[in-house]
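Per this note's numbering, the very first residue in the sequence shown carries number -12; after that it's consecutive. Backbone N, C-alpha and C define an ideal beta-carbon position, used for all residues, glycine too. None of the values given here were measured: they were computed from a predicted structure. The structure under discussion appears below in the form of structure tokens.
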Amino acid sequence: MSHRRVDIFKELLDKIVTKLSENNEVTENDLIIFARLDGKLISGDVQNGSSKISDEQKSKLFINVALNNAITCPICKGYLDVDKSVSYDHIQRVREGGIGVAENIQLSHPYCNQSIKQ
Ligand SMILES: [Zn+2]
């Protein structure tokens, strides 16, 4: 079931890249349509205090990142290849009270994410 979500994200990012490479602007509305979130309520600001990263928060994060038009790893500053694996990383660590909301998650290379914690 989570595979379907991954496909949607891939498709979303493909569409964003295609649109940007044609020198078109990607609007928030485009993103909502690309992500097939039209008609769905994005209640992104519900904070339940859980450290678990929900699919909804992942969706919100993808949109936040995509709106900045550059998907780079915050640790090594390299580009993230979304066709390969990316890591969802808590910015404020869970043990320091970090919760699983889009504002507290960053996308990074899985190996960068691991090395920073060692
Ligand atoms: Zn990296």
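#1: Comparing the C-beta of Ile(-5) with each C-beta of chain C, is any distance below 8 angstroms?
#2: Anyone know if the C-beta pair for Asp140 and Lys6 falls short of 8 angstroms?
#3: Taking Cβ to Cβ, would you say Pro61 is nearer than 8 angstroms to Ser38?
#4: Near ligand 1, which residues have their beta-carbon less than 6 angstroms from any of its heavy atoms, given in chain order?
#5: Determine the extent of the alpha helix (DSSP H) in which Leu67 is found, giving its start and end residues.
#6: Look up Ser72 in the DSSP assignment and say whether it is helix, strand or coil.
#7: By a C-beta neighbour count over all protein chains shown, 10 Å radius and 16 as the cutoff for buried, is Val73 buried or exposed?
#8: Hey, could you find the ends of the beta strand (DSSP E) Ile92 is sitting in?
#9: Output needed for Gln93: all residues of its chain with C-beta closer than 7 angstroms, excluding positions within five of it in sequence on either side, in chain order.
Concretely, from the data shown:
#1: Going by chain labels, chain C is absent from the structure shown, which holds only one protein chain.
#2: Residue 140 is absent from the model: the chain starts at -12 and stops at 105.
#3: In the sequence shown, residue 61 corresponds to position 74, counting from 1. In the sequence shown, residue 38 corresponds to position 51, counting from 1. No, Cβ-Cβ distance for Pro61 and Ser38 is not below 8 angstroms.
#4: Ordered along the chain, the selected set is Cys60, Ile62, Cys63, Gly65, Ser95, His96 and Cys99.
#5: The residue given as residue 67 occupies position 80 in the sequence shown. Counting along the chain, Leu67 sits inside no alpha helix (DSSP H), nor does DSSP assign it H or E at all.
#6: Along the sequence shown, read from residue 1 onward, the residue named residue 72 stands at position 85. In the three-state reduction of the DSSP assignment, Ser72 falls in the coil class, being assigned neither a helical nor a strand state.
#7: Numbered from 1 along the sequence shown, position 86 holds the residue referred to as residue 73. By the beta-carbon neighbour count (other beta carbons within 10 angstroms, threshold 16), Val73 is buried.
#8: Counted from its first residue, the sequence shown places residue 92 at position 105. Ile92 to Ser95 is the extent of the beta strand (DSSP E) around Ile92.
#9: Translated into the one-based positions of the sequence shown, residue 93 becomes position 106. Excluding sequence neighbours, Gln93 sits near Pro61, Asp76 and Ile78.
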